[in-house]
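*Asks:* Structure below; questions to follow.
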Ligand code: F3S
């Protein structure tokens, strides 16, 4: 491999526009908020308002902020549909700097080089598509083997005080560099890329005050493992977690990133830290002097105002914190290390660890790895080998090459450590595990961030515990869940007891980071190149623009399904095996609403085809209607479309011929996604009217032509056969704004952008 001399302009040259942000902020703070002191999260969000002059008031938890993000980052799985949609905008490049990272599609099996080579073959069509479209639109493309999105972002793009959207839940990792970085669905990323204001309900701020200083065995990971236990998996919903207090001064930038990364485990919008000296050092060490310099000049913008009020405050004294182990099966089951042995005994679990895995986007910093190496070196000197399999996932090529240069791998490999590719691998189930039988009960310990059942190896009987890399490593040497490295001993090669000394390591490499020797990033000059999609592909398909609203009322719409009870985006567009079709709308549409319970027959995914009079699956009936040019509606109860912000749930119904969904209420994000795709979400004025409609009714509208904000739409329900039917009307509300009505009229938000671009 050759040295990569090429540092792209957008990496070395992204210097934040603090003057402009501060100007925006002071307008909002003085004119709208009466000069009240603000938290850092509020400052960054409000400085990114699209059009502050149009705002009268901001009520947290209520007002929708229209924001202008500075950057977008996408991983390879979620980037596919985002790019396919972006293509519809007919823009020649993305409106904000954007990057794609190939990290999710690499399976861990035979080691780094072989696994990357295999992934390049099995996912060739996806990588070719992503690379060629990145080339075309000026997107920075980080190919397979270059690293995991969040580590690469931290090393290259994260900028204090800026706002980034990432199509992955652990995007908040960049909060370790003082950035507001929010995990979103592809549709939101497309907003930022296509210059559409991105909406976020003004979040509350949960302040976490850190005091004291971490003990030798305790690491930043333990701060978040402890906090997740305290807050539970839902405790951060609707909040940004903002850390403050004297305890932050001694934390490394990468340690703060670990803490922010796992804020996703409490459902927080994001997490962040104010600008600290360790952020400055990290920026310098990763060759971003201009950003470091600018941030230190504007450091007062990069912290909360004096007297800022948090909506809630939690205090953690780092001096009293001990290492924690969380799990199995949920990240909020948090046990202090000193009590973990009893916890295992109490549950009657086998006292054995089958594998220890460290690294990933959460914990593969230089500090993490050098502390791990300090423990491994001690064991090596005493002739002690790990009792369980030991895997290391570097977060990026930059960190991997630095570790190699500094002799870390030599030590780790001497004790039998397996270095995996710079990719997600076992963190996302891309782990071809061979050491256990299918469904065999066993325990693994990881320094990753999530531990839901099945997540790592697809085996529901694998108990997966989360801990710091240091604790994972020490316990992997023991091979026992009951081992506490702070108090317990191992037996060395001479039969003598050996106790680990506490780990230590450098926060940053003294020689600076290696550049990463594989060509990591493509920013090619040929912007006219074709985007590569094979016409035979089953995984990728170009999107056709949705048809415009023909300007007349809808008539004779069929009820595809009247859904009973909960209908999440998972019910509307299931995940699992369907994920491989994320870039192929036609194929993935075969899962449309397959989780929906039909109120007519109490069966899941069985509805009456009212054209043929026979029962069939929901996708089959929808397709049959589409083939016969018959449009259809869904009738639903409360909070239709709750759950993850999966844009496919909106795209698929629209693709199969649904112009309207009528529900008792909608989950806000899904409601917006429907609007973006040109579907009109209508809300029963009276909830009881849901009971009036049956699956065999036919529906027409009054009031969709000339739709206005606040103007209700009448649904005319017809029941019965030709000539012998009765009709009645139901009143519905909608939440469409003027702009959104334009999306509807043009067929979708992207059609509107394309329309504007074509002049
Ligand atoms: Fe990848 Fe796991 Fe992080 S899936 S992005 S390493 S959370």
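Numbering (this note's numbering), first residue to last: 33 to 791.
No residue lacks a Cβ here, since even glycine has one placed at the ideal position from N, Cα and C.
What three-state label does DSSP hand residue 775 in the structure shown?
*Replies:* Residue state, collapsed to three classes: helix.
*Asks:* Please work out which residues of its chain come closer than 7 Å, Cβ to Cβ, to residue 410, disregarding the five sequence neighbours upstream and downstream, and give them in chain order.
*Replies:* Taken in chain order, the residues that qualify are 532, 533.
*Asks:* So, using beta-carbon positions, are residue 248 and residue 430 closer together than 9 Å?
*Replies:* No, the pair does not count as a contact, with Cβ atoms beyond the cut-off.
*Asks:* Within the stretch 128-193, note down every full alpha helix (DSSP H) run reaching 4 residues or more, in order along the chain.
*Replies:* Listed in chain order, the complete alpha helix (DSSP H) runs (minimum 4 residues) inside the stretch 128-193 are 144-154, 156-169, 181-188.
*Asks:* Write down every uninterrupted run of the beta strand (DSSP E) in the stretch 291-348 whose length is 3 residues or greater and which is fully enclosed by it, in chain order.
*Replies:* Here the runs fully enclosed are 302-304.
*Asks:* Which residues mark the beginning and the end of the beta strand (DSSP E) in which residue 746 is found?
*Replies:* First-last of the beta strand (DSSP E) with residue 746: 745-753.
*Asks:* What residue does the beta strand (DSSP E) around residue 275 start on, and which one ends it?
*Replies:* Start and end: 271-276.
*Asks:* Kindly list the residues whose CB is nearer than 7 Å to the CB of residue 485, restricted to its own chain and excluding five residues on each side of it in sequence; keep chain order.
*Replies:* 361, 492.
*Asks:* Could you tell me whether the Cβ atoms of residue 221 and residue 195 are closer together than 9 Å?
*Replies:* Result no, Cβ atoms of residue 221 and residue 195 do not sit closer than 9 Å.
*Asks:* Between which two residues does the beta strand (DSSP E) holding residue 387 run?
*Replies:* Looking at the DSSP string, the run of the beta strand (DSSP E) that includes residue 387 is 387-391.
*Asks:* Please report the residue range of the beta strand (DSSP E) in which residue 509 lies.
*Replies:* It is not in any beta strand (DSSP E) - residue 509 instead sits in the alpha helix (DSSP H) that spans 501-510.
*Asks:* Return yes when the Cβ of residue 235 is within less than 9 Å of the Cβ of residue 283, no when it is not.
*Replies:* Contact flag unset, no.
*Asks:* Cβ atoms of residue 693 and residue 713: under 9 Å apart, would you say?
*Replies:* Cβ distance < 9 Å, so residue 713 and residue 693 count as in contact.
*Asks:* Return the bridge partner residues of residue 698 from the DSSP annotation.
*Replies:* Its beta-bridge partners are 672.
*Asks:* Is any heavy atom of the ligand F3S found at a distance shorter than 8 Å from the C-beta of residue 107?
*Replies:* Residue 107 Cβ: within cutoff of the ligand F3S.
*Asks:* By how many angstroms is the C-alpha of residue 655 removed from the C-alpha of residue 777?
*Replies:* Cα to Cα, residue 777 sits roughly 24 Å from residue 655.
*Asks:* Where DSSP assigns a beta bridge to residue 593, which residues make up the other side?
*Replies:* According to DSSP, which records beta bridges pairwise, residue 593 is partnered with 666.
*Asks:* Assuming residue 345 contacts residue 262 under a Cβ cut-off of 8 Å, what Cβ separation, rounded to an integer in Å, is found between them?
*Replies:* Contact flag wrong, Cβ pair sits at about 13 Å.
*Asks:* Between the stretch 389-401 and the stretch 272-289, do three or more beta carbon pairs fall short of 8 Å?
*Replies:* Judged by Cβ distances under 8 Å, the stretch 389-401 makes contact with the stretch 272-289, as three or more pairs qualify.
*Asks:* Just how far apart, CA to CA, sit residue 512 and residue 500?
*Replies:* Each residue's Cα considered, the two are about 16 Å apart.
*Asks:* For residue 728, I'd like the list of residues in its chain whose CB is within less than 6 Å of its CB, leaving aside the five on either flank, ordered along the chain.
*Replies:* Closer than 6 Å at Cβ, skipping near neighbours: 642.
*Asks:* Check each candidate in 91, 634, 657, 635 and name the one with the smallest Cα separation from residue 645.
*Replies:* When each option's Cα is compared against that of residue 645, the closest is 657.
*Asks:* What are the residues that DSSP puts in a beta bridge with residue 759?
*Replies:* According to DSSP, which records beta bridges pairwise, residue 759 is partnered with 750.
*Asks:* Could you check what DSSP says for residue 525 in three-state terms: helix, strand or coil?
*Replies:* Coil, per DSSP.
*Asks:* So, at 6 Å on beta carbons, what are the nonlocal neighbours of residue 780 in its own chain, with the 5 sequence-adjacent residues on each side left out?
*Replies:* 578, 709, 710, listed in sequence order.
*Asks:* Could you tell me which of 72, 443, 561, 171 sits nearest to residue 306, measuring between CA atoms?
*Replies:* Out of 72, 443, 561, 171, 72 has the C-alpha closest to the C-alpha of residue 306.
*Asks:* Taking 8 Å as the cut-off, is the C-beta of residue 459 nearer than that to any heavy atom in the ligand F3S?
*Replies:* Yes.
*Asks:* Answer yes or no: do residue 363 and residue 454 have a C-beta to C-beta separation smaller than 9 Å?
*Replies:* Going by C-beta atoms, residue 363 is not nearer than 9 Å to residue 454.
*Asks:* Does the distance between the C-beta of residue 392 and the nearest non-hydrogen atom of the ligand F3S fall short of 8 Å?
*Replies:* At least one heavy atom of the ligand F3S is nearer than 8 Å to the Cβ of residue 392, so yes.
*Asks:* Taking only the alpha-carbon atoms, compute the straight-line gap between residue 69 and residue 339 and give it to the nearest angstrom.
*Replies:* Taking the straight line from one Cα to the other gives about 6 Å.
*Asks:* With hydrogens ignored, establish whether the beta-carbon of residue 480 is closer than 8 Å to any heavy atom of the ligand F3S.
*Replies:* Yes, Cβ of residue 480 sits closer than 8 Å to a heavy atom of the ligand F3S.
*Asks:* Which of the three DSSP states, helix, strand or coil, is assigned to residue 551?
*Replies:* Any reading at residue 551 must be qualified, since the residue scores a pLDDT of 45, below 50, and its modelled position is unreliable; no value is offered.
*Asks:* Buried or exposed: where does residue 760 fall if 16 or more other Cβ atoms within 10 Å of its Cβ makes it buried?
*Replies:* Exposed, because fewer than 16 other Cβ atoms sit within 10 Å of the Cβ of residue 760.
*Asks:* Return the CA-CA distance between residue 420 and residue 508, expressed in angstroms with no decimal places.
*Replies:* Between residue 420 and residue 508, the C-alpha separation is close to 5 Å.
*Asks:* With a threshold of 8 Å on Cβ separation, who are the neighbours of residue 99 within its own chain once the five nearest residues in sequence on each side are excluded?
*Replies:* Closer than 8 Å at the Cβ level, and outside the excluded window around residue 99, lie 77, 80, 81, 82, 195, 229, 230, 231, 232.
*Asks:* Is the beta carbon of residue 88 within less than 8 Å of some heavy atom of the ligand F3S?
*Replies:* No, the Cβ of residue 88 stays beyond 8 Å of every heavy atom of the ligand F3S.
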